[in-house]
Amino acid sequence: MTTSAHTLASGRGWQVLDVVCTAGAADRPFEEEHRYFCVAVVTNGTFRYRARQGNAMLTPGALLLGNPGTCYECGHEHGAGDRCLSFQFEPAYMEQIVADMPGVKKLAFETPRLPPLPALAPLLAEAESAREMADVDAFEEIGLRIAGAAVASGVTPAARVPSRRDEKRVAEAVRRIELDADRPVSLAALASGTATSPYHFLRTFRRVAGMTPYQFLLKTRLHRAAVRLRMSDEAISTIAFEVGFNDLSTFNHRFRRVMGEAPGAYRLRQRGDKAPDTYAVPAL
Numbered sequence: 373m374t375t376s377a378h379t380l381a382s383g384r385g386w387q388v389l390d391v392v393c394t395a396g397a398a399d400r401p402f403e404e405e406h407r408y409f410c411v412a413v414v415t416n417g418t419f420r421y422r423a424r425q426g427n428a429m430l431t432p433g434a435l436l437l438g439n440p441g442t443c444y445e446c447g448h449e450h451g452a453g454d455r456c457l458s459f460q461f462e463p464a465y466m467e468q469i470v471a472d473m474p475g476v477k478k479l480a481f482e483t484p485r486l487p488p489l490p491a492l493a494p495l496l497a498e499a500e501s502a503r504e505m506a507d508v509d510a511f512e513e514i515g516l517r518i519a520g521a522a523v524a525s526g527v528t529p530a531a532r533v534p535s536r537r538d539e540k541r542v543a544e545a546v547r548r549i550e551l552d553a554d555r556p557v558s559l560a561a562l563a564s565g566t567a568t569s570p571y572h573f574l575r576t577f578r579r580v581a582g583m584t585p586y587q588f589l590l591k592t593r594l595h596r597a598a599v600r601l602r603m604s605d606e607a608i609s610t611i612a613f614e615v616g617f618n619d620l621s622t623f624n625h626r627f628r629r630v631m632g633e634a635p636g637a638y639r640l641r642q643r644g645d646k647a648p649d650t651y652a653v654p655a656l
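Numbering-wise, our numbering comes out as the position in the sequence shown, counting from 1, plus 372.
Pasting the structure below:
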C-alpha cells in the first residue's frame, strides 16, 4: 500500500484524517471512491487528481474537493509522495451547512479543487498546526470553517447585522463556555443548546463575539491560568490541567504565544519575584 490514513479526530457526521501517500512516477495511478463529501488540504507534495468534476494538479495550499459516491484517480507522474488533511462530511452534515449559507443552493462540488487562496492561508495554517500539535479539540471547528469556505467558493454573501436572538444565543453559549471551560466543550453541543446547526452557530458566534467559540474557550482558559499564576504558588502543571489543558507542552506554547512569555517567566515578572542570582558570591 502506498497510502496510509490515520484518524485525527471525529464527531457526529464528520471526521478528519491525516493521509500520507508515498507513490511515485513509477507507480500506476490508483482509483478510489469518495464515501463522503471530502475537502482535503494538501500540506506537502503534488499529485494529479481526476474526478467527475474534471482534472487538476494539486499543490500545497490547494483544497481537493470530492462528492460522495464518485470515483477519483490520483497520480504522481511529477513527483513522489504527498500529505493531506482530509476533512470528510456525511451528506446530512453538509446539507446543514448549505442551508445556512445565503446564495448557495447546490450541494455537489462542481470543481475538483480550489487553488491556494490568500484568504484561506490563515485557516489552513491553523489546520496544519492543529495536526502537528495534536490539538484534537480544534478540529471540529476548523472542519466546519473549511467546509464552509469550500461550499462558498465564489459566493460573497452580504453582511448581516446580528439579530437580538443571535446575540441572546451567543450570550448563553458564552456563559456555558465560562461555566465548563475546564472540561471539553463540544461545538455541536453548544449549537444544540441554541437550537441551531453547528455551522450557523459558528458563523453567528464569530459575528457577535468577534472570535470563534474555540478561540473564546482558549482565551478563557489562558486568562484563568494567568490569574492563578499571579495569585498562587501552585505548580504550573497543576494550573494547566485544572483550567482545562490536557498537555503541558500545549499549554506552555499557547501561553507564550498569547502572553508573550513562558508561564514561569510571567509569574516571576507579574509578582515582582526575582530569580536567584546564580552568579552571586556566597557569604564567607
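Each residue gets a CB set at the ideal place from its N, CA and C atoms; glycine is no exception.
Rounded C-alpha distance that separates residue i from residue j
| i | j | result |
| --- | --- | --- |
| Thr650 | Ala521 | Reliability of the predicted coordinates at Thr650 is poor, the pLDDT of 34 falling under 50, and no value is obtained from them. |
| Ile549 | Arg578 | 14 Å |
| Arg602 | Thr584 | 27 Å |
| Arg596 | Val615 | 7 Å |
| Val523 | Tyr421 | 19 Å |
| Leu437 | Ser569 | 22 Å |
| Ala480 | Phe419 | 23 Å |
| Pro487 | Gln425 | 15 Å |
| Thr483 | Asn427 | 9 Å |
| Ser382 | Tyr638 | 35 Å |
| Leu574 | Leu559 | 8 Å |
| Ser564 | Gln587 | 19 Å |
| Pro490 | Arg455 | 20 Å |
| His450 | Pro432 | 14 Å |
| Arg600 | Phe617 | 14 Å |
| Glu544 | Val411 | 31 Å |
| Ala497 | Arg384 | 24 Å |
| Pro494 | Arg536 | 30 Å |
| Gly644 | Ala499 | 38 Å |
| Asp538 | Ala567 | 11 Å |
| Ala377 | Thr610 | 35 Å |
| His448 | Arg541 | 48 Å |
| Arg555 | Thr592 | 12 Å |
| Gly396 | Gly453 | 6 Å |
| Gly632 | Ala502 | 20 Å |
| Val470 | Lys478 | 8 Å |
| Val626 | Ala598 | Residue identity differs from the one stated: residue 626 is Arg in this sequence, not Val. When rounded, the distance between both Cα atoms is 12 Å. |
| Val653 | Leu620 | With a pLDDT of 35 at Val653, under the threshold of 50, the predicted position of this residue should be treated as unreliable, though the coordinate-derived value follows. The straight-line gap from Cα to Cα measures roughly 35 Å. |
| Gly475 | Ser525 | 11 Å |
| Leu710 | Leu492 | No statement about residue 710 is possible, as the shown extent of the chain runs from 373 to 656 and does not include it. |
| Thr394 | Glu504 | 19 Å |
| Ala553 | Pro401 | 47 Å |
| Tyr465 | Ser604 | 45 Å |
| Leu590 | Glu513 | 13 Å |
Supposed contact pair residue j and residue i - C-beta distance, whole angstroms, cut 8 Å
| i | j | result |
| --- | --- | --- |
| Leu380 | Phe461 | No, Leu380 and Phe461 are not in contact; Cβ-Cβ is about 15 Å, not under 8 Å. |
| Gly515 | Val388 | 6 Å |
| Phe623 | Ala607 | Not really, about 12 Å apart at Cβ, beyond 8 Å. |
| Ile518 | Val414 | With 8 Å as the limit, Ile518 and Val414 do not qualify as a contact, their Cβ atoms being about 12 Å apart. |
| Val546 | Ala506 | Val546 to Ala506, Cβ: 27 Å. No contact. |
| Leu594 | Val630 | 5 Å |
| Asp472 | His572 | 4 Å |
| Val634 | Arg628 | According to the sequence as given, residue 634 is Ala; it is not Val. About 5 Å separates the two Cβ atoms, so the contact holds. |
| Thr374 | Asp399 | 6 Å |
| Thr430 | Arg485 | Checking the displayed sequence, the identity of residue 430 turns out to be Leu instead of Thr. Leu430 to Arg485, Cβ: 6 Å. Contact. |
Element boundaries [alpha helix (DSSP H), containing residue i]
| i | result |
| --- | --- |
| Gln468 | Pro463 to Ala471 |
| Gly447 | Run containing Gly447: none in the alpha helix (DSSP H); it sits in the beta strand (DSSP E), Cys443 to Gly447. |
| Phe659 | Residue 659 lies beyond the residue range present for the chain, which begins at 373 and ends at 656; the question has no answer from this structure. |
| Lys478 | From DSSP, Lys478 is part of no alpha helix (DSSP H); its letter is neither H nor E. |
| Thr610 | Ile608 to Val615 |
| Gly636 | Pro635 to Arg643 |
| Pro490 | Unbroken run through Pro490: none, as it is neither H nor E. |
| Pro585 | Pro585 to Met603 |
| Pro570 | Pro570 to Ala581 |
Boundaries of the beta strand (DSSP E) in which residue i is found, first to last residue
| i | result |
| --- | --- |
| Leu380 | Thr375 to Gly383 |
Quiz item: What are the uninterrupted segments assigned as beta strand (DSSP E) that are 3 or more residues long and contained completely in the region 502-561, given in chain order?
Solution: The qualifying runs do not exist here; there are none.
Quiz item: Taking one C-beta from the region 399-412 and one from the region 459-476 each time, how about it: are there three or more such pairs within less than 8 Å?
Solution: The region 399-412 is in contact with the region 459-476.
Exercise. Would you mind listing the beta strand (DSSP E) stretches within the region 386-434 that are 3+ residues and don't spill past its ends, in chain order?
Key: Runs of the beta strand (DSSP E) inside the region 386-434: 386-393, 402-405, 409-417, 419-423 and 426-430.
Quiz item: Can we say the region 436-450 touches the region 530-547, given the rule of at least three CB pairs closer than 8 Å?
Solution: Not touching, per the Cβ criterion.
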